[in-house]
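Participant: Here this note's numbering is used: the first residue of the sequence shown is 412, the next is one more, and so on.
Glycine is no exception: its CB is placed at the ideal position from the N, C-alpha and C atoms.
Below you'll find the structure I mean.
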Amino acid sequence: MEIIAAITAGILVSIGVWLLLDRNLVRVVLGVVVIGNAINIAVLTGGRFNGTTAPFTSAAGVPELASNPLPQALVLTAIVIGFALFVFALAVLKRTWELHGTTATDRVTEVAEDDAPDLAPPALATPSAPADREGRR
């Protein structure tokens, strides 16, 4: 069973890397999610998930047959954090689509490298006199 899970994790990592190398931001985000799932499978595989009894049993249970609960807890936490990261990335992608009309990395990079607008105050504005300690000018 562990060999199947290890092969599955390897295939998922290769798919995730393939998606990461694309020029579309949606596929990049999906690649990160797929790699995160592959890492979860690898951690679960390394944590002896093939136990025949539940991690928490009565004192009469045989501990060497029990599954290790720590990797299961870590993977559950990673799933929740990964979901939150995915939702945040989707929100950023939605805003990118609204601002630029595309999710192609080339176009988004061009827009990001454009010069920023001049943030200097208008030429007709004159600075006011600084206020003293009592608030008088």
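Would you list the one or two residues that DSSP bridges to A515?
Facilitator: Answer is N435.
Participant: Any idea what DSSP makes of G458, helix, strand or coil?
Facilitator: Residue state, collapsed to three classes: coil.
Participant: Can you give the Cα-Cα distance for D517 and P480, rounded to whole angstroms?
Facilitator: Distance between the alpha carbons of D517 and P480 is about 45 Å.
Participant: Between E521, L441, L485, which has its C-alpha nearest G427's C-alpha?
Facilitator: Of E521, L441, L485, the residue nearest in Cα terms is L441.
Participant: Measure the C-alpha to C-alpha separation of V486 and I422 and round it to an integer number of angstroms.
Facilitator: Going by the C-alpha atoms only, they are around 19 Å apart.
Participant: Cutting at 7 Å between CB atoms, please list the residues of its own chain near I490, excluding the five before and the five after it.
Facilitator: The answer, listed in chain order, is N451.
Participant: Would T520 be called buried (16 or more neighbouring beta carbons within 10 Å of its own) or exposed?
Facilitator: Classification of T520: exposed, given that the 10 Å Cβ count is below 16.
Participant: List the whole-angstrom C-beta distance separating V437 from L504, where the pair is believed to meet the contact cut-off of C-beta under 8 Å.
Facilitator: That pair is a contact at about 6 Å.
Participant: Given this structure, state the Cα-to-Cα distance separating T507 from D433, to the nearest angstrom.
Facilitator: Their Cα atoms are separated by approximately 17 Å.
Participant: Count the other C-beta atoms from every protein chain shown that fall within 10 angstroms of the C-beta of I418, then say buried if there are 16 or more, exposed otherwise.
Facilitator: By the neighbour-count rule (16 or more Cβ atoms within 10 Å), I418 is not buried but exposed.
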